[in-house]
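Residue numbers (the numbering used here): 1103 to 1484.
All C-beta atoms, glycine included, are put in the ideal place defined by N, C-alpha and C.
A quick note: this is a predicted structure, and the numbers were derived from the prediction, not measured.
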């Protein structure tokens, strides 16, 4: 990694054209090799653009990936159809969302007040790489440090009806390409290294890619997978996973393929879930060379059912001699009632009000009208 930092100091912002270098390190006897490290320079225009992190780079925090950015520079991620922004303030030297990460394969929208050259470096991932594409819109890029045609070269096999597009520097949306009956129309999208696109898929699907290096296998496996949960709004969520096969394994939990900020342990906890927390959870276990996604945990969140407050009961006692009806309202002490009457269940008239329940019951008397019928009810006054 020190060599990469030296390369950065050597080229700096004077290195005008984008360049990809994979530095493969061989053992002295040439019988073994490592995956190597790489760097890439992406020229971002003033205004809007789409990026994707092409390398495994430590924490993958946005604050580590984007350095020396101009004041007001922002990185936004698309979550459930909403762009969640993380902006840099030069005055306070802080990011508005310091825990936001950008894992390889995730996409983000950049809004820069001036042209900016992004220097990204790290290690390319090896093995079978899955990038979850949820139903609806998502921002995604290749998990491999490679560019080309999105299907023919990068392995995206979308369901029919999927659209892929981008964002123009002025913030307007590009006319997307659509995949119909095995064909891209009007043409198959091309993604550059470090570039992301907006994918609108009619169903959830995995974007599967494989990067094999001779003599190197992904050492990671899961000894414990997260399990499905059925929760009620406001309940607690706990998901656990354990990856084995290497030292210094790091974790990044995702919901519907998007990183959950700050969720970087083997156990994920949410004290009180909301309806927005429903979906497919998974965790990415990573080393400096490899990454492996767990199985999905389907988490459902049902709304809290608010039981209606039990209303007062109404009983009737007939006094035929006095030709009166006595209504006894039974309820809670302190309640105040209104008595209403109707003969068609549509139009209710007030017969009495401000009846205070001081003992547990309240009595109301009505005179019996000849040749008439009425339905009465007691209503608790607000």
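Would you decide whether residue i is buried or exposed? Buried here means 16 or more other CB atoms lie within 10 Å of its CB.
i            : result
residue 1435 : exposed
residue 1287 : exposed
residue 1429 : buried
residue 1237 : exposed
residue 1441 : buried
residue 1303 : buried
residue 1312 : exposed
residue 1475 : exposed
residue 1249 : buried
residue 1128 : A caution first: residue 1128 carries a pLDDT of 33, below 50, which makes its placement in the model too unreliable to give a value.
residue 1407 : exposed
residue 1371 : exposed
residue 1444 : exposed
In three-state DSSP terms, what is residue i?
i            : result
residue 1308 : strand
residue 1454 : strand
residue 1131 : Bear in mind that a pLDDT of 34 at residue 1131, under 50, signals an unreliable position, so the number given afterwards is only what the model happens to contain. Coil, per DSSP.
residue 1377 : helix
residue 1320 : coil
residue 1234 : strand
residue 1442 : strand
residue 1293 : strand
residue 1205 : coil
Between which residues of its own chain and residue i is the CB-CB distance below 8 Å, once the five residues before and five after are set aside?
i            : result
residue 1272 : 1149 and 1150
residue 1397 : 1324, 1327, 1328 and 1384
At what residues does the beta strand (DSSP E) containing residue i begin and finish?
i            : result
residue 1357 : 1352 to 1357
residue 1145 : 1139 to 1146
residue 1151 : 1149 to 1154
residue 1386 : 1381 to 1388
residue 1479 : 1477 to 1482
residue 1326 : 1323 to 1326
residue 1345 : 1344 to 1346
residue 1468 : 1463 to 1469
residue 1254 : Per DSSP, residue 1254 belongs to no beta strand (DSSP E) and is neither H nor E.
Near residue i, what residues of its chain come up, given a Cβ to Cβ distance below 7 Å and the 5 sequence neighbours on each side ignored?
i            : result
residue 1164 : 1177, 1188, 1197, 1202, 1203 and 1204
residue 1378 : 1182
residue 1342 : 1326, 1328, 1368 and 1369
residue 1469 : 1425 and 1426
Which residue from the options puts its Cα closest to that of residue i?
i            : options                   : result
residue 1449 : 1431, 1423 and 1478       : 1478
residue 1308 : 1242, 1432, 1227 and 1224 : 1242
residue 1233 : 1258, 1374, 1427 and 1248 : 1258
residue 1387 : 1466, 1366 and 1291       : 1366
residue 1157 : 1321, 1295 and 1256       : 1295
residue 1438 : 1419, 1446, 1447 and 1458 : 1458
residue 1464 : 1417, 1152, 1270 and 1282 : 1417
residue 1454 : 1480, 1255, 1211 and 1175 : 1480
For the alpha helix (DSSP H) holding residue i, just list the boundary residues, first then last.
i            : result
residue 1165 : 1164 to 1167
Can you name, in chain order, every residue of its own chain whose Cβ lies under 6 Å from the Cβ of residue i, other than the five neighbours on each side?
i            : result
residue 1145 : 1219
residue 1357 : 1381 and 1383
residue 1279 : 1266, 1286 and 1291
residue 1173 : 1192
residue 1246 : 1311 and 1313
residue 1415 : 1432
residue 1190 : 1171, 1175 and 1197
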